[in-house]
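S.K.:
Number of protein chains: 2
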Amino acid sequence: MSTAASARALEHPTRDQIGLEGVLHALSDTVRLRIVRDLAREGDALSCSYFDLPVTKSTTTHHFRVLRESGVIRQTYQGTAKLNALRKDDLDALFPGLLDTVLTAAEAQAERRDGAEGA
Amino acid sequence: MSTAASARALEHPTRDQIGLEGVLHALSDTVRLRIVRDLAREGDALSCSYFDLPVTKSTTTHHFRVLRESGVIRQTYQGTAKLNALRKDDLDALFPGLLDTVLTAAEAQAERRDGAEGA
DNA sequence: GCCGTACTACGATGAGTATCGTACGAGCAT
DNA sequence: ATGCTCGTACGATACTCATCGTAGTACGGC
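Given below as structure tokens:
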């Protein structure tokens with residue numbers, strides 16, 4: 051019981067440790083922006099394996115860590131799975147409207163890039 | 051008359067070449083965010099030398115280029131000076147509310163970091 | 001106990017970038 | 001023309017980061 055604590059606690063920044071630059075940087079990557087969009091769409095915590103990302107698992111782990119350390123998501127263990135949830139309350143408190151605006155912008159851009167098909 | 055054209059034209063992305071990730075990345079740097087805040091506060095085009103940044107001139111040039119190439123600012127020559135203006139119209143058209151929200155968030159964070167003094 | 005699944009840790013690598021110093025070019029004033 | 005100021009270009013450097021592969025740990029089921 052020394053190598054790894056039973057709870058496998060993960061480091062998260064407290065609310066007042068979250069910085070705007072860090073959040074913007076976290077969101078400025080295509081893969082991470084996609085993760086955040088999926089998280090927002092589902093509205094609930096999702097396991098890492100839910101996502102079908104165009105990168106390997108190692109890289110996926112890396113991106114989730116960047117999101118966690120910048121304060122965008124909160125990660126908790128649930129058995130062998132790890133659940134990822136948006137820290138919407140914290141972000142909204144610190145930067146009102148930022149998350150929603152970025153998500154809306156991402157959707158708008160996705161539609162533009164898709165050529166406004168589908169619907 | 052071959053080394054540099056008389057107009058010294060600068061490369062700018064067209065509106066539909068502006069990407070959200072690029073804009074967020076441009077704004078995720080402390081120095082650049084400060085430039086954008088100053089630009090927004092003054093509301094008009096400012097010369098590079100207006101800014102008192104904690105970096106050398108070379109680095110300043112670099113940051114202005116990142117902002118220009120990501121589509122955040124538009125640069126035009128005016129004699130020996132170079133004027134920098136926010137591309138607020140383009141950004142608002144592409145990502146409604148994004149710029150204002152980020153600026154508001156930056157102000158809020160600056161006040162928190164200053165310890166809510168002054169006023 | 002044993003194995004599979006889920007995720008992590010570590011090391012490597014190649015690309016990007018923030019920074020600087022120095023040297024140069026463009027325009028303005030005298 | 002000479003010199004001054006503003007900004008650029010180029011080269012160097014050190015750091016960050018996105019990516020991968022491999023090996024390992026934690027948990028749950030058989």
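Chains as they are written, first to last, in the working numbering: chain A, 51 to 169; chain B, 51 to 169. Heads up, the beta-carbon is just placed ideally off N, CA and C, and yes, glycines get one too. All figures in this text were calculated on a predicted structure; none of them were measured in a lab.
#1: To the nearest angstrom, how far is it from the Cα of B:Arg87 to the Cα of B:Leu117?
#2: Does chain A have any CB closer than 8 Å to the CB of B:Glu157?
#3: Using a Cβ cut-off of 8 Å (strictly closer), state whether B:Thr80 contacts chain A.
#4: Between B:Glu71 and chain A, is the shortest Cβ-Cβ distance under 8 Å, so that the two count as touching?
#5: Could you check if B:Arg91 is buried or exposed, using at least 16 other CB atoms within 10 Å of its CB as the buried criterion?
#6: Unbroken beta strand (DSSP E) runs of length 3 or more, entirely within the region 71-156 of chain A: which are they?
#7: Rounding to the nearest angstrom, what Cα-Cα distance links A:Val81 and A:Leu103 in this structure?
#8: Using a C-beta cutoff of 8 Å, does A:His113 count as contacting chain B?
#9: Are the C-beta of B:Phe101 and some C-beta of chain A separated by less than 8 Å?
#10: Please name the residue in A:Val152, A:Arg163, A:Pro146 whose C-alpha comes closest to that of A:Leu83.
M.R.: Let me spell this out:
#1: The sequence position of residue 87 of chain B within the second sequence is 37, counting from 1. The sequence position of residue 117 of chain B within the second sequence is 67, counting from 1. For B:Arg87 and B:Leu117, the distance between alpha carbons rounds to 13 Å.
#2: For this step, residue 157 of chain B is matched to residue 107 along the second sequence. Not one chain A Cβ lies under 8 Å of B:Glu157.
#3: Reading the second sequence from its first residue, position 30 is the one you call residue 80 of chain B. Chain A, which has a Cβ nearer than 8 Å to the Cβ of B:Thr80, makes this yes.
#4: Translated into positions along the second sequence, residue 71 of chain B becomes position 21. Interface residue, yes.
#5: As a first step, residue 91 of chain B must be located in the second sequence, where it is residue number 41. B:Arg91 comes out exposed.
#6: 123-128, 131-136
#7: Counting from 1 along the first sequence, the entry for residue 81 of chain A is found at position 31. Counting from 1 along the first sequence, the entry for residue 103 of chain A is found at position 53. Whole-angstrom Cα-Cα distance: 7 Å.
#8: Translated into positions along the first sequence, residue 113 of chain A becomes position 63. Taking Cβ atoms only, chain B never reaches closer than 8 Å to A:His113, which makes this a no.
#9: Translated into the one-based positions of the second sequence, residue 101 of chain B becomes position 51. Cβ-Cβ to chain A under 8 Å: no for B:Phe101.
#10: Within the first sequence, residue 83 of chain A is the residue found at index 33, counting from 1. Looking at the Cα atoms, A:Val152 is the closest of the given residues.
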